[in-house]
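Participant: In our numbering, the protein residues as written are 3 to 311. We put the beta carbon where it would ideally sit given N, CA and C, even for glycine. Before we start, here is the structure in question, set down as structure tokens.
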């Protein structure tokens with residue numbers, strides 16, 4: 003493995019050279035936290051779809067239990083208060099109630115555990131994968147290496163854009179806050195193809211970090227001296243953002259993860275160019291996405307002039 007490709011420290015110049023910000027404009031979708039957002043981010047993989055379903059499923063069960071217990075307490079407060087029931091019952095136990103409140107919780111836990119274990123095994127068991135990426139956590143940024151045959155020399159670090167860099171990029175490219183999100187945008191994106199099973203090997207170089215991508219349903223610790231594995235399969239193109247999710251020092255909040263999912267044809271072109279120059283590969287990718295965006299843009303209606311009779 004050759005020495006890691008080091009990104010430009012002048013991120014504005016780097017983004018201009020890469021055409022990276024141009025590629026953000028043409029993405030089909032983006033997943034990131036929204037202001038005042040409640041609930042999870044939109045799913046971009048089957049694992050995350052199952053996580054969202056399981057969350058909603060357990061929420062229904064919890065809501066029913068909460069309403070039932072609240073109603074039971076209210077009934078007891080009204081029916082058995084000192085004024086409504088001046089002579090309290092001397093009953094010491096009730097066999098039927100004892101059986102019910104033992105059996106019912108067991109059945110509820112079984113109902114919850116079955117899909118829970120199914121989802122857990124789906125997350126942990128890595129299916130047959132098509133490519134492998136190694137993600138290394140540093141204080142405080144992420145480094146990526148493409149480890150498949152022919153891609154061994156493709157590696158780079160991804161650093162968060164500062165507020166000053168974001169402002170300069172937005173002004174230069176005419177982009178919005180959504181296209182260059184604060185605390186999430188990086189100078190280099192991790193590029194992967196859509197509908198492709200990606201194995202991610204995760205480790206750390208200094209302290210414990212955590213690689214987390216909410217839209218993919220991925221969260222795994224990055225531990226120094228240990229190589230953990232996870233996987234994802236993005237089902238649509240776009241920009242997806244995550245963050246380190248393990249307290250790792252003073253800049254823990256400033257080491258985001260930016261994954262750019264592109265079409266397989268776009269990825270093939272990017273990967274071929276990245277073998278020799280990552281900057282050039284990103285510029286090519288940006289131009290391909292811009293072409294795709296232009297081609298898919300609605301065409302103005304042509305005015306048809308009818309000849310007078």
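Assign residue 8 to one of three DSSP states: helix, strand, or coil.
Facilitator: Residue placement at residue 8 is poorly supported in this model, since its pLDDT is 44, which falls under 50; the coordinates still yield a value, given next. Reduced to three states, the DSSP call for residue 8 is coil.
Participant: Which of the three DSSP states, helix, strand or coil, is assigned to residue 238?
Facilitator: Residue 238: coil per DSSP, three-state reduction.
Participant: Within 8 Å, do at least three Cβ pairs link the segment 244-256 to the segment 213-225?
Facilitator: Touching, per the Cβ criterion.
Participant: What is the DSSP secondary structure of residue 79, reduced to helix, strand or coil?
Facilitator: Reduced to three states, the DSSP call for residue 79 is helix.
Participant: Where does the unbroken beta strand (DSSP E) through residue 168 begin, and where does it stop?
Facilitator: Looking at the DSSP string, residue 168 is not in any beta strand (DSSP E); the run it does join, the alpha helix (DSSP H), is 165-175.
Participant: So which of 82, 98 and 97 has the shortest CA-CA distance to residue 91?
Facilitator: Of 82, 98 and 97, the residue nearest in Cα terms is 82.
Participant: Return the CA-CA distance between residue 63 and residue 106, expressed in angstroms with no decimal places.
Facilitator: In a straight line, the C-alpha of residue 63 is about 12 Å away from that of residue 106.
Participant: From residue 204 to residue 135, what does the alpha carbon distance come to, in whole angstroms?
Facilitator: The alpha-carbon atoms of residue 204 and residue 135 are separated by roughly 9 Å.
Participant: Assuming residue 187 contacts residue 260 (C-beta within less than 8 Å), just tell me the rounded distance between them.
Facilitator: Yes, they are in contact, since the Cβ atoms of residue 187 and residue 260 sit about 7 Å apart, within 8 Å.
Participant: Can you name the start and end residues of the beta strand (DSSP E) that residue 312 belongs to?
Facilitator: Outside the shown range of the chain, which is 3 to 311, sits residue 312, and nothing can be said about it.
Participant: Go through its chain and collect everything with a Cβ distance to residue 5's Cβ below 8 Å, but skip five positions before and after it.
Facilitator: Residue confidence for residue 5 is low, a pLDDT of 41 falling below 50, so the modelled location carries little weight; the figure read from the coordinates is stated next. The answer is none, since no qualifying residue turns up.
Participant: Please report the straight-line C-alpha distance between residue 273 and residue 109, rounded to a whole angstrom.
Facilitator: Approximately 51 Å, taken between the alpha carbons.
Participant: I'd like the list of long-range same chain contacts for residue 21, defined as Cβ closer than 7 Å, with 5 residues on each side in sequence excluded.
Facilitator: Note that residue 21 has pLDDT 46, beneath the 50 cutoff, so the model's placement of it is unreliable and the number below is only indicative. If we look at residue 21 and ignore the five residues flanking it on each side, its Cβ neighbours are 284, 285, 288 and 289.
Participant: Relative to the C-alpha of residue 50, which candidate in 171, 84 and 214 has its C-alpha closest?
Facilitator: Looking at the Cα atoms, 214 is the closest of the given residues.
Participant: Within the continuous beta strand (DSSP E) that includes residue 201, where are the two ends?
Facilitator: Unbroken beta strand (DSSP E) run through residue 201: 200-206.
Participant: Can you find at least 3 beta carbon pairs, one from the segment 133-147 and one from the segment 174-182, that sit closer than 8 Å?
Facilitator: Counting Cβ pairs under 8 Å, fewer than three are found: no touch.
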